[in-house]
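Going by numbering that gives the first Met the number 0, the residue at position 45 of the sequence shown is 44; the numbering climbs one at a time, nothing skipped. Just so you know, even glycine gets a beta-carbon here, dropped at the ideal spot from N, CA and C.
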Amino acid sequence: MLKVLIIDDEPNVRKGLKIIVPWEENGFEICGDSGDPDEGLSLIMSMEPDIVLIDIKMPGRLGLDIIREVRENGFSGKFIIVSGYSNFDYAKDAIRYGVKSYILKPVDEDELMEIILKLKEEIAQDRKWEKDKKIVEEDAIRNLLLEGNKELEEKLCKYDSFQTAIIFDEYSKSNDKAARKLESLIKEKLNKYADDVDVIRMNNYVALLFKDFRNSRVNRILLDLKIRISSEIGRNICITLGSECDNPVFISHSYKEAEKLLNYKFIYFEKEILSVDTVKEEEKLISTEKINSEKLYSYIEVNDIESINDYLIKIKNNVILEKLSEDEIKIFAIKLFLGLVGKLSKDYDLKMENFFDEENIVRDINNINSLKSLIKYLSNNFIEISTRIGEKSSYGIINKMVVYINKNYYRDLKLEGLAEIFNYNSAYLGKLFKNEVGENFNTYLDKVRIKEAKTLLLGEQLKVYEVSEKVGYKNIDYFHSKFKKYVGMSPMNYKKKSEKI
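The structure is reproduced here in structure tokens:
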């Protein structure tokens with residue numbers, strides 16, 4: 000419906016104009032009326048009607064004065080001058096302000112009807128022209144962002160600075176209705192900057208082009224925009240920011256920077272605004288080390304929650320510095336999770352499938368929208384697994400230590416290392432172990448290794464040095480001496496003797 004406002008100091012005229020033609024039947028609604036010129040001016044600016052019927056001469060103020068003032072303030076609606084005076088000078092002045100419709104009192108119904116229908120058609124044509132013009136302008140800006148646009152770059156030379164930003168919403172990426180709503184919200188929130196901020200919908204997100212805004216002000220505007228839109232749509236949005244430039248030729252470069260930063264949205268999802276400087280600053284603070292899932296396995300075994308979380312932070316730092324994509328990070332997390340669950344389930348005879356269904360794990364991880372949330376998810380689940388292991392083998396610290404040795408004998412085990420894992424003083428732990436087990440740590444470890452070596456020598460076609468390495472002895476001579484000490488003969492003689500039996 001097109002909005003119609005009536006301004007006339009005569010109540011009967013206002014009343015008559017409301018009923019003289021079937022407004023609603025023809026697609027119009029009377030949005031208001033006033034007999035006071037000043038109030039009428041305020042109503043025009045606040046209601047922004049499509050058509051204003053206005054008396055040319057009212058007490059204290061001419062209708063033409065009102066038309067002139069609202070035109071100067073940007074009002075572009077249509078006017079129909081209603082007058083009791085057939086004065087060519089009035090008509091001439093009215094034409095100067097874009098008024099083409101002039102009707103004399105008493106108003107003729109057919110004449111008014113003809114005028115409003117003609118204006119309705121003009122408004123429709125104006126809107127179509129504006130829409131087509133906007134499409135052409137947006138296409139030009141879109142090309143400018145993607146690959147540059149010489150003609151537009153020349154027109155933009157009047158500005159001193161430029162900066163681009165991208166607003167991304169995961170849900171809007173696959174929902175056209177949500178994408179249109181997001182674009183509409185952004186335009187609404189940035190309406191007061193409409194002349195200096197272009198809002199352009201791209202394939203999967205909305206791009207912004209700021210003209211003559213300094214970086215600090217752009218950041219403030221974007222932060223406010225993020226808070227307001229996230230609150231309104233009920234989910235967090237991601238905003239990336241390209242570099243500021245002082246030449247329109249570099250606008251495309253700024254945009255490509257912002258676009259490239261979308262690759263980091265999973266890693267830095269919680270950041271307010273993601274810029275090149277943000278990524279550089281974050282990476283400066285990160286130290287990295289080689290990832291070894293066996294360490295994580297050990298921490299889970301002994302319920303060392305602090306070390307589990309510390310290790311997951313190391314994993315987080317590594318994927319950041321390696322610049323892994325969201326898909327690569329999630330594939331890594333799924334493999335890590337399923338690998339550890341499978342091994343722990345087998346080693347501790349836990350029915351993990353009752354709690355950690357593979358299909359659910361894959362779905363859960365794929366639905367996570369940030370690295371921070373992924374690390375929290377892994378932490379919660381690894382701690383739960385660790386707790387279940389503790390419940391399964393809660394026989395005291397030495398029993399846990401024995402279980403750990405029996406499962407990890409092939410590693411480079413030392414009492415100091417186990418003391419660190421179990422958070423004990425190594426000397427005290429050594430005494431505790433001997434009191435509980437009846438022999439010292441090294442003796443027990445040697446016996447476990449030699450027992451496994453005997454099994455390997457009998458059951459597999461392995462050379463002696465291969466058996467030595469498989470049970471944790473890197474030095475073959477040391478293995479020989481230990482084997483002879485506990486078995487009474489060399490590994491080779493033991494193998495030969497067993498083959499004869």
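Residue pairing by DSSP places F78 opposite V51 in a beta bridge. Just measuring C-alpha positions, the residue of Y204, E231, I285 sitting nearest Y254 is Y204. Excluding residues up to 5 positions away in sequence, I388, Y403 lie with their Cβ nearer than 7 Å to the Cβ of E300 in the same chain. If you check the CB distance, K329 and I364 come in under 8 Å. Nearest to D195 by alpha-carbon distance, out of L343, I140, D37, E38, is I140. Taking all protein chains in view, the Cβ of K496 is surrounded by fewer than 16 other Cβ atoms within 10 Å, so the residue is classified as exposed. Secondary structure in the region 233-279: the alpha helix (DSSP H) runs of 4 residues or longer, each lying completely within the stretch, are 250-260 in chain order.
Taking a C-beta distance under 8 Å as the contact criterion, F209 and V198 do not qualify as a contact pair. In this structure, Y170 keeps its C-beta atom at 8 Å or more from the C-beta atom of A164. In chain order, I475, F478 place their CB closer than 6 Å to the CB of S467, counting only its own chain and leaving out the 5 sequence neighbours on each side. Selection D348, D32, N174, N441 evaluated against K2 yields D32 as nearest (Cα-Cα). Counting only the Cα atoms, Y267 lies some 38 Å from L412. Under the three-state reduction of DSSP, E438 is assigned to coil, being neither helix nor strand.
Secondary structure of I367 (DSSP, three-state): coil. Annotation for G338: no beta strand (DSSP E) segment contains it, though the alpha helix (DSSP H) segment containing it runs 325-346. Judged by DSSP secondary structure, D309 falls within the alpha helix (DSSP H) whose first and last residues are 304-320. Under the 10 Å beta carbon count, D348 is surrounded by fewer than 16 other beta carbons and is classified as exposed. DSSP links K56 through a beta bridge to L61. Between F336 and L377, the gap from beta carbon to beta carbon is short of 8 Å. Between G34 and D8, the gap from beta carbon to beta carbon is short of 8 Å. A straight line joining the alpha-carbon of I374 with that of L155 spans about 45 Å. Taken through DSSP and simplified to helix, strand or coil, G416 comes out as helix. The region 238-246 and the region 273-288 touch, with three or more beta-carbon pairs separated by less than 8 Å. With contacts defined as CB atoms closer than 8 Å, I122 and V51 fail to qualify as a contacting pair. The three-state reading of DSSP puts R200 in strand, counting E and B together. For F27, no alpha helix (DSSP H) encloses it; the enclosing beta strand (DSSP E) starts and ends at 27-33.
Note that the region 223-234 does not touch the region 279-298; fewer than 3 beta-carbon pairs, one per stretch, sit closer than 8 Å. Contact check for I397 against V436 passes: the beta carbons are separated by less than 8 Å.
For A193, the secondary structure class from DSSP, reduced to helix, strand or coil, is coil. Within the same chain, Cβ atoms closer than 6 Å to the Cβ of R60 are found at P36, the five residues on either side in sequence being excluded.
Per the coordinates, the alpha-carbon of R95 lies some 37 Å from the alpha-carbon of K149. In the three-state reduction of the DSSP assignment, Y296 falls in the helix class, which pools H, G and I.
When rounded, the separation of the alpha-carbon atoms in E136 and Y192 is 17 Å. Burial state of S82 is buried, judged by a 10 Å Cβ sphere holding 16 or more other Cβ atoms. Nearest neighbour of N262 by Cα position, chosen from E419, F167, N366, D107, turns out to be F167.
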